[in-house]
Each structure stands twice: as C-alpha cells, then as structure tokens.
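Chemist:
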Amino acid sequence: KEKFNGHQVFQIKVRDGEQMNKLNELVNMENFKLNFWKLPTTPKRSVDVVVPSSSLKLVKSFLESHGLEYSISIEDLQALLDEEIKEMKHNRG
Amino acid sequence: KERNNGNFNYGAYHSLEELYQEMDRIASDYPNLASRQEIGRSFEKRPLYVLKFSTGKGKRPAIWLNAGIHSREWISQATGIWIARKIVSDYGNESSITSILDEMDIFLMPVANPDGYVYSQTKNRFWRKTRSRVPGIQCVGVDPNRNWNASFSGEGASNDPCSEAYHGPKPHSEIEVKSVVDFIQNHGNFKSFIDIHSYSQLLMYPYGYTCKHPRDFAELDQVAHRAAKALASLYGTSYRVGPICSTIYMASGSSIDWAYENGIKYAFTFELRDTGHYGFLLPAQQILPTAEETWLALKVIMKHVHHHLY
C-alpha cells in the first residue's frame with residue numbers, strides 16, 4: 035500500500051498571469067514528483083499540491099524565490115490517512 | 004432515520020462490498036419503489052450497479068444521478084448512498100419527491116468506478132482513474148471523465164496514458180463509461196444527468212470542451228444559482244456556479260457535455276464540500292452535513308426538471 039509519510043499539501047495563491055506561468059514551471063518539474071490536486075487555472079482559484087518529503091525544501095524555496103504565497107493545508111498526509119483507516123475500522127460492523 | 008438504518012452507518016466511509024450490500028438492502032426494504040440493477044461489469048469484472056426508483060411502468064421521463072466516477076473522491080460515493088436512502092424514506096412523506104416519483108423515475112449510480120474505488124482503499128488512496136490496461140502501455144487507467152464522446156481528445160484532456168487526465172484510446176473505451184452510455188441510450192427518455200464529484204464547492208453545467216455558452220445557458224445558470232442558494236441555506240457552504248470551462252478549466256470528453264449533446268438538457272456537475280483543506284480526505288463527520296446540503300440543491304434541480312419536462 036502506497037505510503038505518504040512526511041508528505042505535505044500546500045495551498046498556493048496566484049496573483050496574476052506571471053505567477054501562473056511560474057507555477058506551471060513547477061507543474062512540469064517531474065523530478066519534484068508533485069501531485070497536483072487542483073491545477074493552476076485562473077488567478078481566482080488556489081492550487082493544491084501534494085509535496086513529497088524529499089521535495090519540501092526545494093518547493094518551498096522555489097515558491098519563496100518567486101514571491102508565490104502559500105500555506106500548508108495538510109501537515110502530514112500519512113497521519114491523516116492513518117486516522118481515516120482507524121475510523122473506518124472502528125465503524126465497520 | 005438516515006443516520007443508522009439497520010447496520011449501515013451513513014456517517015462513515017465504507018468498502019465497495021458494504022455499499023453494494025446497502026444498495027441491496029434499500030431495494031429489499033422498499034420493493035415497490037427501489038430495485039438494484041446490474042448495467043454491466045467493470046474492467047476487473049465487478050458489477051456496475053444502479054438503483055432504480057420508480058412507481059410506474061415503462062420508460063418514464065428519468066433523472067440520472069452519477070457519483071464516484073473519480074474513485075478517490077470518497078465523499079461523492081458516501082453522499083450517493085445517503086441520497087439513495089433519502090429518496091426511499093422521503094417518498095410518501097415529502098411532497099416534492101413524492102410528486103417527482105409519481106411521474107418520473109430516478110436512477111442512481113453511487114459507485115460509477117468500482118475498480119478505482121477498491122484500488123483507492125487497498126493500494127493508493129489518491130487513485131482517480133479506472134484500472135483498465137492497454138497492451139504495450141505501462142501506465143494503468145483512463146480518466147473516465149475525459150472518455151465520453153464529446154469533443155473526445157480535445158482541449159483539457161491528455162494523450163499521455165500516465166496522466167491523471169488521460170482520455171483513453173478511443174471514446175467510451177472504458178467499459179464503466181460505455182455501460183452508462185448504452186443504458187441511457189437504450190432507455191431514451193432521460194431528461195437530466197447529474198454527476199457528483201469532489202472537491203472545491205462548485206456547481207457547473209456545459210460546456211467543458213469549449214467556452215462557448217450552451218443554447219440553454221440562461222436557464223441552466225438560473226437553476227444552478229437557485230440550487231447553490233438552497234445548498235447554502237443549511238450550513239452556509241458557499242458554491243461558485245457556471246459552465247465547466249470558465250469555472251475551472253477546459254475539459255473535453257466529460258460526462259455532462261456528452262449528456263447535453265445527446266439531448267439531455269438538464270446536465271449538471273457538482274464538486275462537493277471542502278475548500279482544499281482536506282483534499283480527498285474529508286473527515287467522516289462531515290459526510291452527513293455534506294449529503295444533507297447537497298440534497299437540497301439536488302431537489303431544486305429535480306423539481307425544475309419535473310416542472311419543465313420536454
């Protein structure tokens with residue numbers, strides 16, 4: 035079963051077209067192994083992306099260096115999944 | 004009454020078997036109103052079940068409710084099964100559902116992508132696509148909401164089999180999609196098609212493959228706004244309303260574009276509760292509130308369809 039230990043979910047706000055282009059660069063960086071739950075589309079819509087623990091520092095520095103505002107909406111994805119599994123087991127039967 | 008009927012807890016996430024058992028139980032509890040029908044088998048040979056709610060005979064004007072086409076969007080399957088129980092418990096007790104079912108049929112598919120759902124529970128929680136394989140291609144699965152024959156393989160779908168938005172080798176290549184298409188076309192009297200997704204709180208209508216407005220834009224927009232208002236009346240959950248293309252992004256091959264282009268005028272798609280804080284992990288305690296508020300919006304749409312049969 036795939037584990038997501040230490041993965042975080044970032045919510046990124048985009049102000050304008052230029053920032054959108056920068057974010058699209060991030061989308062295309064395959065070595066970061068990012069999983070975009072909500073892709074960059076218009077400046078009105080925030081972007082949600084799962085960042086693996088191995089890419090956290092790089093992604094943060096990319097966002098900060100280009101002035102992209104972000105917050106961490108899920109601190110530890112696996113912890114949330116473990117909670118979900120526990121709850122499902124509890125509710126079974 | 005909906006919270007815990009028999010052994011089924013509607014406020015929890017469940018395995019496919021449990022959902023299928025509950026569909027069977029609903030049909031057994033209300034034999035004169037509900038029946039469970041198998042409309043095909045998935046790629047991995049799981050049954051594709053639909054609940055039919057009907058009080059009459061023949062092919063009456065009908066509404067198609069579709070949930071769980073993207074497997075990781077668990078709140079959509081959970082909402083779908085709650086809606087099933089809500090329909091049977093409201094019939095005869097609530098006037099609008101009673102009058103709709105006195106004249107129309109409702110078909111509800113709570114798990115439109117069962118292979119993906121099982122995979123999301125056993126292997127990868129964030130699996131979105133089907134589990135079909137094409138010889139010679141390493142990556143598994145097709146995005147079943149890019150696979151419909153509506154500007155297939157156009158803008159907003161990917162040619163890359165490894166992409167989350169891969170449109171598939173040909174329109175309706177996915178047996179899960181083809182089974183619904185065949186069923187709806189053989190029936191021939193569907194007036195509404197409503198797809199339920201998560202997340203990001205949107206209520207949308209055609210088109211996704213183009214930013215051109217559909218010919219019924221004004222009416223669809225007005226109905227969608229009324230539905231979103233009804234939804235917000237319960238817990239204040241705020242939705243954005245509009246065509247897929249301008250509300251999120253261009254997406255070709257989507258279910259509601261196919262429905263609309265095939266003469267089903269009242270085509271809508273929901274993105275349920277959550278502004279992104281939980282992604283596809285909406286806590287189970289929010290299942291019931293989400294289902295309840297969604298139901299209010301659905302009722303507005305279904306009532307409008309009932310009053311504007313064509």
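Going down the list, the sequences are from chains W and P.
Note that the numbering used here has the first sequence beginning at 35, numbered continuously upward.
Note that the numbering used here has the second sequence beginning at 4, numbered continuously upward.
Glycine is no exception: its CB is placed at the ideal position from the N, C-alpha and C atoms.
To which residues of the same chain is Ala233/P closer than 8 Å at the C-beta, ignoring the five residues directly before and after it?
Modeler: Your numbering for residue 233/P matches position 230 in the second sequence. Excluding residues within five positions, the ones whose Cβ falls inside 8 Å are Leu299, Ala300, Lys302 and Val303.
Chemist: Please report how far the alpha carbon of Ile199/P lies from the alpha carbon of Ser249/P, in whole angstroms.
Modeler: Against the second sequence, residue 199/P aligns to sequence position 196. Against the second sequence, residue 249/P aligns to sequence position 246. Answer to the nearest angstrom: the Cα atoms are 19 Å apart.
Chemist: Which class does Gln141/P belong to by DSSP, given the choice of helix, strand or coil?
Modeler: Along the second sequence, one-based indexing puts residue 141/P at 138. In the structure shown, Gln141/P sits in coil (DSSP, three-state: anything other than H, G, I, E or B).
Chemist: Against His73/P, what residues of chain W qualify as contacts under a CB-to-CB distance less than 8 Å, listed in chain order?
Modeler: As a working mapping, residue 73/P is identified with position 70 in the second sequence. What His73/P touches in chain W: nothing, since even the nearest Cβ is about 11 Å away.
Chemist: In chain order, what residues of the region 37-57 of chain W put their CB closer than 7 Å to some CB of chain P?
Modeler: Within the region 37-57 of chain W, the qualifying residues are Val43 and Gln45.
Chemist: Pairs of beta-carbons, one from the region 89-105 of chain P and one from the region 279-293 of chain P, closer than 8 Å: are there three or more?
Modeler: Result no; under three Cβ-Cβ pairs closer than 8 Å.
Chemist: With 8 Å as the C-beta to C-beta threshold (strictly closer), list the residues of the region 112-144 of chain P near chain B in chain order.
Modeler: Looking for chain B here will not work: the only protein chains present are W and P.
Chemist: Taking C-beta to C-beta, are Gly139/P and Tyr252/P nearer than 8 Å?
Modeler: Position 136 of the second sequence holds residue 139/P. Position 249 of the second sequence holds residue 252/P. For Gly139/P and Tyr252/P, no; Cβs fall outside 8 Å.
Chemist: Out of Tyr212/P, Gln204/P and Gly211/P, state which residue places its alpha-carbon closest to the alpha-carbon of Ala231/P.
Modeler: On the second sequence, residue 231/P is found 228 positions in, with the first residue counted as 1. Of the candidates Tyr212/P, Gln204/P and Gly211/P, the one whose C-alpha sits nearest the C-alpha of Ala231/P is Gln204/P.
Chemist: Comparing alpha-carbon positions, which option in Tyr212/P, Val308/P and Leu285/P lies nearest Gln225/P?
Modeler: Taking the second sequence and counting its residues from 1, one reaches residue 225/P at position 222. Of the listed residues, the one whose Cα sits closest to Gln225/P is Val308/P.
Chemist: List, in order along the chain, the chain W residues whose C-beta lies closer than 8 Å to that of Asn12/P?
Modeler: Numbered from 1 along the second sequence, position 9 holds the residue referred to as residue 12/P. Ordered by position in chain W, the residues that pass the 8 Å Cβ test against Asn12/P are Asn125.
Chemist: How far does the beta strand (DSSP E) with Phe193/P in it reach, from first residue to last?
Modeler: Along the second sequence, read from residue 1 onward, the residue named residue 193/P stands at position 190. Unbroken beta strand (DSSP E) run through Phe193/P: Phe193 to Ser201.
Chemist: Look up Trp71/W in the DSSP assignment and give the residues it is bridged to.
Modeler: On the first sequence, position 37 is the one that residue 71/W refers to. None; Trp71/W has no bridge partner.
Chemist: Please list the partners that Ser88/W has in chain P, where partner means a Cβ-to-Cβ separation under 8 Å.
Modeler: Walking along the first sequence from the start, residue 88/W turns up at place 54. In chain order: nothing, as chain P lies at least about 17 Å away.
Chemist: Ordered along the chain, which non-local residues of its own chain (more than five positions away) have a Cβ less than 6 Å from that of His228/P?
Modeler: Against the second sequence, residue 228/P aligns to sequence position 225. Val244.
Chemist: Using 8 Å as the limit for Cβ to Cβ distance, is Ser203/P near chain W?
Modeler: Position 200 of the second sequence, counted from the first residue, corresponds to residue 203/P. Closer than 8 Å to some Cβ of chain W, the Cβ of Ser203/P qualifies, so yes.
Chemist: Hey, could you find the ends of the alpha helix (DSSP H) Lys232/P is sitting in?
Modeler: Translated into the one-based positions of the second sequence, residue 232/P becomes position 229. Here the alpha helix (DSSP H) through Lys232/P covers Phe220 to Tyr238.
Chemist: Would you report the Cα separation of Pro77/W and Leu57/W, rounded to the nearest angstrom?
Modeler: By one-based count along the first sequence, residue 77/W stands at place 43. By one-based count along the first sequence, residue 57/W stands at place 23. Their Cα atoms are separated by approximately 11 Å.
Chemist: Under a three-way DSSP split, which group does Ala168/P fall into?
Modeler: Within the second sequence, residue 168/P is the residue found at index 165, counting from 1. Coil at Ala168/P, not helix or strand.
Chemist: Going along chain W, which residues have a C-beta under 7 Å from Leu22/P?
Modeler: By one-based count along the second sequence, residue 22/P stands at place 19. Residues of chain W passing the Cβ test: none, with the nearest at roughly 13 Å.
Chemist: Pull up the CB-CB distance for Leu206/P and Glu296/P, whole angstroms please, since I reckon it's below 8 Å.
Modeler: In the second sequence, residue 206/P corresponds to position 203, counting from 1. In the second sequence, residue 296/P corresponds to position 293, counting from 1. Wrong, their Cβ atoms sit about 12 Å apart, outside the cutoff.
Chemist: Note down, in chain order, each residue of its chain lying with its Cβ closer than 8 Å to the Cβ of Gln124/P, except the 5 sequence neighbours on either side.
Modeler: Stepping through the second sequence from its first residue, residue 124/P is reached at position 121. Contacts found: Ser18 and Leu19.
Chemist: Measuring CA to CA, which of Lys60/P, Arg75/P, Tyr210/P and Gln40/P is closest to Leu51/P?
Modeler: The residue labelled residue 51/P in the question sits at position 48 within the second sequence. Comparing Cα-Cα distances from Leu51/P to each of Lys60/P, Arg75/P, Tyr210/P and Gln40/P, the minimum goes to Gln40/P.
Chemist: Would the beta-carbon of Lys194/P fall within 8 Å of that of Ala115/P?
Modeler: On the second sequence, residue 194/P is found 191 positions in, with the first residue counted as 1. On the second sequence, residue 115/P is found 112 positions in, with the first residue counted as 1. No, the Cβ-Cβ distance between Lys194/P and Ala115/P is not below 8 Å.
Chemist: At least one CB of chain W closer than 8 Å to the CB of Ala81/P: is that the case?
Modeler: The residue given as residue 81/P occupies position 78 in the second sequence. Answer no: the Cβ-Cβ gap between Ala81/P and chain W never drops below 8 Å.
Chemist: On the premise that Glu25/P lies in contact with Ile84/P, defined as a C-beta separation below 8 Å, what is that separation, rounded to the nearest angstrom?
Modeler: For the purposes of this step, residue 84/P is taken as the residue at position 81 of the second sequence. For the purposes of this step, residue 25/P is taken as the residue at position 22 of the second sequence. Their Cβ separation, rounded to whole angstroms, is 6 Å, which keeps Ile84/P and Glu25/P in contact under 8 Å.
Chemist: Between the region 143-152 of chain P and the region 172-189 of chain P, do three or more beta carbon pairs fall short of 8 Å?
Modeler: The region 143-152 of chain P is in contact with the region 172-189 of chain P.
Chemist: Are the region 105-122 of chain W and the region 51-62 of chain P touching by the rule of at least three beta carbon pairs closer than 8 Å?
Modeler: These segments do not touch.
Chemist: By how many angstroms is the C-alpha of Asn39/W removed from the C-alpha of Gly51/W?
Modeler: Counting from 1 along the first sequence, the entry for residue 51/W is found at position 17. Counting from 1 along the first sequence, the entry for residue 39/W is found at position 5. Distance between the alpha carbons of Gly51/W and Asn39/W: 33 Å.
Chemist: Between which residues of its own chain and Tyr210/P is the CB-CB distance below 7 Å, once the five residues before and five after are set aside?
Modeler: For the purposes of this step, residue 210/P is taken as the residue at position 207 of the second sequence. The answer, listed in chain order, is Pro217, Pro246, Ile247, Cys248 and Asp260.
Chemist: With distance defined between alpha-carbon atoms, name the residue in Cys165/P, Phe283/P, Lys306/P and Pro147/P nearest to Ser107/W.
Modeler: Here the question's residue 107/W lines up with position 73 in the first sequence. Checked all of Cys165/P, Phe283/P, Lys306/P and Pro147/P; the closest Cα to Ser107/W is Phe283/P.
Chemist: How many whole angstroms separate the CB atoms of Gly119/P and Ser74/P, which I take to be in contact at a CB cut-off of 8 Å?
Modeler: In the second sequence, the residue the question calls residue 119/P occupies position 116. In the second sequence, the residue the question calls residue 74/P occupies position 71. Right, their Cβ atoms sit about 3 Å apart.
Chemist: Taking Cβ positions only, does Asp82/W come closer than 8 Å to chain P?
Modeler: Start at 1 with the first residue of the first sequence, and residue 82/W comes out as number 48. Yes - at least one Cβ of chain P is within 8 Å of the one on Asp82/W.
Chemist: Tell whether a beta-carbon distance below 8 Å holds between Leu68/W and Val85/W.
Modeler: Indexing the first sequence from 1 puts residue 68/W at position 34. Indexing the first sequence from 1 puts residue 85/W at position 51. Contact flag set, yes.
Chemist: Please list the terminal residues of the continuous alpha helix (DSSP H) segment that includes Met26/P.
Modeler: Locating residue 26/P in the second sequence gives position 23, where the first residue counts as 1. It spans Leu19 to Asp32 - the alpha helix (DSSP H) in which Met26/P sits, taken as one unbroken run.
Chemist: Enumerate in chain order the residues of its own chain whose CB-to-CB distance from Leu223/P is below 6 Å, with the five nearest sequence positions on each side excluded.
Modeler: The count along the second sequence starts at 1 and reaches residue 223/P at position 220. Tyr208, listed in sequence order.
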